[in-house]
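Asks: Sequential numbering from 13 applies to the sequence shown in the numbering used here.
Even glycine gets a Cβ: it sits at the ideal position worked out from N, Cα and C.
It should be emphasised that the depicted structure is a prediction, and the values quoted were computed from it without experimental measurement.
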Amino acid sequence: MPLFCTSMATKVPLNALVQNRRNNLAANHVGSFSLFLYHSNCRRPSSSPHLTLCLPKCNLTHLSLEMEGPNKLEPVPEKYSKELEVAVRAVHMACLLCQIVQESLVSKGIDQVQSKEDNSPVTVADWSVQATVSWILSEAFGRQNVSIVAEEDVQALSKSNAAGLLEAVVKTVNDCLAEAPRFGLAAPVTSLGMTQVLEAISCCNSTGGPTGKFWVLDPVDGTLGFVRGDQYAVALALIEDGEVVLGVLGCPNYPVNKEWLSYHNGYRRIISKLTPPTSKSWDKGCIFYARKGSGKAWMQPLIHQEKRLVWPNSAKQIHVSRIDNPAFATFCEPVEKANSSHSYTAGLAHSVGLRNQPLRVYSMVKYAAIARGDAEVFMKFARAGYKEKIWDHAAGVVIIEEAGGVVTDAGGHALDFSKGIYLGGLDRGIIACAGAKLHEKIIEAVDASWNSSSL
Ligand SMILES: Nc1ncnc2c1ncn2[C@@H]1O[C@H](COP(=O)(O)O)[C@@H](OP(=O)(O)O)[C@H]1O
Ligand SMILES: [Mg+2]
13 MPLFCTSMAT KVPLNALVQN RRNNLAANHV GSFSLFLYHS NCRRPSSSPH
63 LTLCLPKCNL THLSLEMEGP NKLEPVPEKY SKELEVAVRA VHMACLLCQI
113 VQESLVSKGI DQVQSKEDNS PVTVADWSVQ ATVSWILSEA FGRQNVSIVA
163 EEDVQALSKS NAAGLLEAVV KTVNDCLAEA PRFGLAAPVT SLGMTQVLEA
213 ISCCNSTGGP TGKFWVLDPV DGTLGFVRGD QYAVALALIE DGEVVLGVLG
263 CPNYPVNKEW LSYHNGYRRI ISKLTPPTSK SWDKGCIFYA RKGSGKAWMQ
313 PLIHQEKRLV WPNSAKQIHV SRIDNPAFAT FCEPVEKANS SHSYTAGLAH
363 SVGLRNQPLR VYSMVKYAAI ARGDAEVFMK FARAGYKEKI WDHAAGVVII
413 EEAGGVVTDA GGHALDFSKG IYLGGLDRGI IACAGAKLHE KIIEAVDASW
463 NSSSL
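Okay, here's the thing in structure tokens:
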């Protein structure tokens, strides 16, 4: 199959042309090349491939290169394609793990929830997802090649009175990993023991930084939403030399119909119980992902019941909204006003002319909402002194950017993932928008109002 055909009418120096094409091909394809010379009176190569270039004394009209051998026309895989595929499969598994734990939490009640030292909630799902994703990445890429920054540590799990909790985590991890083949991944040969599970959690102790490659994992982002039976996300990103190069966001409760997001929790829960999701209706549960620089962001349905994950699982490309008039735009923000000042964002919304009610959603599902075009603006203004962690933003930022949106701090600078576990030098807050016009308006409104705010 010809890879290219070019007219010789303009007397392109053949040597240079071949050299060019070879370079071109070498960059994009693997395999050996054969050279065919096309004669003016013949549409097919006159003989077997000429491997050395010697110009026959006749009028050449075309030149084509063909590939031989088993790798014929196989494109070189795009950068990070294996990482992306493994990450999506792992997040997919993690989402199903979370769905099972959430169902049990919601039915058994709040006493299943532990408190961390900073009083934030943590559950069996946080540790189990961290262990599961860590184990999958290590298996896929080799333990020595995998460095992970993640939210949870093993302190609380290792306490003498935490035996029951650890047992529950080990069981949850093993139940989940046993399903790995359904997701195109290998299951452990034998169930993981306590030590292996603790090791899988505690090895996620990278502290990030400006160089090298590391994964960033928030096993359950929006734990409060999770324990309340509401929105939450599993967020996994890959950072290389300080840049987020891949982002995967699993949103197990994210509805296909955006209106459902704004319903009252209880009502939404009742509705989803009455109409349990099926793979056909794809009611809720989505995985979002993007690779930096690809200009594309994708959404896959979560698979349900006993279905197998067949890559790329009916992925659909997603785009940010085209709305740039604030009067028609919707902004989203955290549910908890302790995490972002609702009064400040209300003032900003008023001054730029955002008229719709804010969409208050737990977790990085807000990033997904912007990337999918369900809302146009996301704003977060934490209290002074709060340091934003990289795992709360990395995956979401690259997904919004590749879907066509803009994410910066309130000074208009790109978020800095190169300074360790916290975002570097964040100016006031975070602003994500579907387009530059809305973004500019909000940045201007922040500048105009900041000094008179109490933040
Ligand atoms: N006081 C605070 N201000 C801002 N963000 C906070 C906060 N306390 C916790 N958070 C972060 O906000 C995340 C939840 O986001 P949201 O408020 O948008 O739902 C939490 O993630 P976890 O739930 O993973 O701990 C946590 O990292
Ligand atoms: Mg989080």
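For Leu286, count neighbouring Cβ atoms within 10 angstroms of its own Cβ and tell me buried if that reaches 16, exposed if not.
Replies: By one-based count along the sequence shown, residue 286 stands at place 274. Note that Leu286 has pLDDT 47, beneath the 50 cutoff, so the model's placement of it is unreliable and the number below is only indicative. Label assigned to Leu286: exposed.
Asks: Can you check DSSP and say which residues form a bridge with Phe238?
Replies: Taking the first residue of the sequence shown as position 1, residue 238 is located at position 226. The partner list for Phe238 (beta bridge, DSSP) is empty, contrary to what the question assumes.
Asks: Quick one: what's got a C-beta closer than 6 angstroms to Ile455's C-beta in the same chain, skipping five residues either side?
Replies: Counted from its first residue, the sequence shown places residue 455 at position 443. The answer, listed in chain order, is Gly424.
Asks: Looking at Ala245: is its Cβ nearer than 8 angstroms to the Cβ of Ser333?
Replies: Here residue 245 corresponds to residue number 233 of the sequence shown, with the count starting at 1. Here residue 333 corresponds to residue number 321 of the sequence shown, with the count starting at 1. Taking 8 angstroms as the Cβ cut-off, Ala245 and Ser333 do not qualify as a contacting pair.
Asks: Have a look at Arg440, Arg320 and Gly176 and flag the residue whose alpha-carbon is nearest the alpha-carbon of Gln126.
Replies: Sequence index remark: in the sequence shown, residue 126 carries index 114 (1-based). Taking only the C-alpha atoms, the option nearest Gln126 is Gly176.
Asks: Per DSSP, what kind of secondary structure is Glu348 in: helix, strand or coil?
Replies: As a working mapping, residue 348 is identified with position 336 in the sequence shown. If DSSP states are grouped into helix, strand and coil, Glu348 belongs with coil.
Asks: Determine, using beta-carbon pairs with one atom in the stretch 222-233 and one in the stretch 350-365, whether at least three such pairs fall under 8 angstroms.
Replies: No, the stretch 222-233 does not touch the stretch 350-365.
Asks: Taking 8 angstroms as the threshold, find out whether the stretch 315-331 comes into contact with the stretch 428-444 through three or more Cβ pairs.
Replies: At 8 angstroms Cβ cutoff, the stretches do not touch.
Asks: Flag this pair as yes or no: are the beta carbons of Phe149 and Ala102 separated by less than 8 angstroms?
Replies: One-based indexing of the sequence shown puts residue 149 at position 137. One-based indexing of the sequence shown puts residue 102 at position 90. According to the sequence as given, residue 149 is Leu; it is not Phe. Yes; because the gap between Cβ atoms is below 8 angstroms, this pair is in contact.
Asks: Could you check which residue in Ser464, Glu400, Val410 and Ile112 has the C-alpha nearest to that of Ile382?
Replies: For the purposes of this step, residue 382 is taken as the residue at position 370 of the sequence shown. Ranking the options by Cα distance to Ile382, first place goes to Val410.
Asks: With three or more C-beta pairs closer than 8 angstroms as the rule, is the stretch 241-255 touching the stretch 182-194?
Replies: Verdict: no, contact absent.
Asks: By Cβ distance below 7 angstroms, which residues in the same chain neighbour Lys471 in space, the five residues on each side in sequence not counted?
Replies: Residue 471 falls outside the range modelled here, since the chain spans only 13 to 467, and no answer is possible.
Asks: Does the distance between the C-beta of Thr235 and the nearest non-hydrogen atom of ligand 1 fall short of 7 angstroms?
Replies: Here residue 235 corresponds to residue number 223 of the sequence shown, with the count starting at 1. Thr235 Cβ: within cutoff of ligand 1.
Asks: Please report the distance separating the alpha-carbon of Asp130 from that of Gly259.
Replies: In the sequence shown, residue 130 corresponds to position 118, counting from 1. In the sequence shown, residue 259 corresponds to position 247, counting from 1. About 27 angstroms.
Asks: Ligand 2 heavy atoms versus the CB of Glu163: any closer than 7 angstroms?
Replies: Within the sequence shown, the letter at position 151 stands for residue 163. Answer for Glu163: yes, Cβ within range of ligand 2.
Asks: Just the C-alpha distance for Gly305 and Lys171, rounded to the nearest angstrom, thanks.
Replies: One-based indexing of the sequence shown puts residue 305 at position 293. One-based indexing of the sequence shown puts residue 171 at position 159. Answer to the nearest angstrom: the Cα atoms are 45 angstroms apart.
Asks: Would you give the residue range spanned by the alpha helix (DSSP H) that Leu149 belongs to?
Replies: Your numbering for residue 149 matches position 137 in the sequence shown. That run of the alpha helix (DSSP H) goes Val136 to Phe153.
Asks: Is Ser465 close to chain B, meaning its C-beta is less than 8 angstroms from at least one C-beta of that chain?
Replies: As a matter of chain content, chain B is missing from the structure shown, which is built from one protein chain.
Asks: Express the C-alpha separation of Ser353 and Ala422 in angstroms, rounding to a whole number.
Replies: If you number the sequence shown from 1, residue 422 lands on position 410. If you number the sequence shown from 1, residue 353 lands on position 341. When rounded, the distance between both Cα atoms is 14 angstroms.
Asks: I think Val113 touches Thr144, with their Cβ atoms under 8 angstroms apart; what is that distance to the nearest whole Å?
Replies: The residue labelled residue 113 in the question sits at position 101 within the sequence shown. The residue labelled residue 144 in the question sits at position 132 within the sequence shown. The Cβ separation is near 12 angstroms, so there is no contact.
Asks: Within the stretch 347-416, note down every full alpha helix (DSSP H) run reaching 4 residues or more, in order along the chain.
Replies: If we require 4 residues or more, the alpha helix (DSSP H) runs fully inside the stretch 347-416 come out as 354-364, 377-383 and 406-414.
Asks: How long is the line joining the alpha carbons of Cys66 and Lys91, rounded to whole angstroms?
Replies: On the sequence shown, residue 66 is found 54 positions in, with the first residue counted as 1. On the sequence shown, residue 91 is found 79 positions in, with the first residue counted as 1. Caution applies to Cys66, whose pLDDT of 47 falls short of 50 and renders its modelled position unreliable; the value that the coordinates give is listed next. Each residue's alpha carbon lies about 36 angstroms from the other.
Asks: Where does the unbroken alpha helix (DSSP H) through Lys296 begin, and where does it stop?
Replies: The residue given as residue 296 occupies position 284 in the sequence shown. Where Lys296 is concerned, there is no enclosing alpha helix (DSSP H), although the beta strand (DSSP E) it sits in stretches over Lys296 to Arg303.
Asks: Count the other CB atoms, across all protein chains shown, that sit within 10 Å of the CB of Ala406; report buried if there are 16 or more and exposed otherwise.
Replies: For the purposes of this step, residue 406 is taken as residue 394 along the sequence shown, with counting starting at 1. Classification for Ala406: buried.
Asks: Pull up the CB-CB distance for Tyr356 and Leu467, whole angstroms please, since I reckon it's below 8 angstroms.
Replies: Here the question's residue 356 lines up with position 344 in the sequence shown. Here the question's residue 467 lines up with position 455 in the sequence shown. Indeed they touch by this definition, with Cβ atoms about 6 angstroms apart.
Asks: Please name the residue or residues paired with Ile160 in a DSSP beta bridge.
Replies: Indexing the sequence shown from 1 puts residue 160 at position 148. Ile160 is bridged to Trp227.
Asks: In whole angstroms, what separates the C-alpha of Pro346 from that of Gly297?
Replies: Within the sequence shown, numbered from 1, the residue matching residue 346 stands at position 334. Within the sequence shown, numbered from 1, the residue matching residue 297 stands at position 285. Answer to the nearest angstrom: the Cα atoms are 20 angstroms apart.
Asks: With a threshold of 7 angstroms, establish whether the CB of Asp12 neighbours any heavy atom of ligand 1.
Replies: Since the first residue shown for the chain is 13 and the last is 467, residue 12 is missing from the structure and cannot be characterised.
Asks: For Gly254, collect the residues of the same chain with a Cβ closer than 7 angstroms to its Cβ; drop the 5 residues on either side in sequence, then sort them by chain order.
Replies: As a working note, residue 254 is residue 242 in the sequence shown. Same-chain partners within the cutoff: Pro222, Phe429 and Ser430.
Asks: Between which two residues does the beta strand (DSSP E) harbouring Leu96 extend?
Replies: Position 84 of the sequence shown holds residue 96. Careful: Leu96 lies outside any beta strand (DSSP E), inside the alpha helix (DSSP H) at Ser93 to Lys120.
Asks: Express the C-alpha separation of Val239 and Gly262 in angstroms, rounding to a whole number.
Replies: As a position in the sequence shown, residue 262 is number 250, starting the count at 1. As a position in the sequence shown, residue 239 is number 227, starting the count at 1. Using only the alpha carbons, I get a separation of about 17 angstroms.
Asks: With a threshold of 7 angstroms, establish whether the CB of Asp230 neighbours any heavy atom of ligand 2.
Replies: On the sequence shown, position 218 is the one that residue 230 refers to. The answer is yes for Asp230.
Asks: Excluding the 5 residues flanking Phe390 on each side, which residues of the same chain have their C-beta closer than 6 angstroms to its C-beta?
Replies: As a working mapping, residue 390 is identified with position 378 in the sequence shown. So the list reads Cys344, Lys378, Ile382 and Ala444, once near-sequence residues are dropped.
Asks: Is Trp403 near ligand 2, judged by its Cβ being under 7 angstroms from some heavy atom?
Replies: In the sequence shown, residue 403 corresponds to position 391, counting from 1. Correct: Trp403 has its Cβ closer than 7 angstroms to ligand 2.
Asks: I'd like the span of the beta strand (DSSP E) that includes Cys188, first residue to last.
Replies: Indexing the sequence shown from 1 puts residue 188 at position 176. Careful: Cys188 lies outside any beta strand (DSSP E), inside the alpha helix (DSSP H) at Ala175 to Leu189.
Asks: Between the Cα of Val136 and the Cα atoms of Gly154, Cys188 and Ala152, which residue gives the shortest distance?
Replies: Within the sequence shown, the letter at position 124 stands for residue 136. Considering only alpha carbons, the answer is Cys188.
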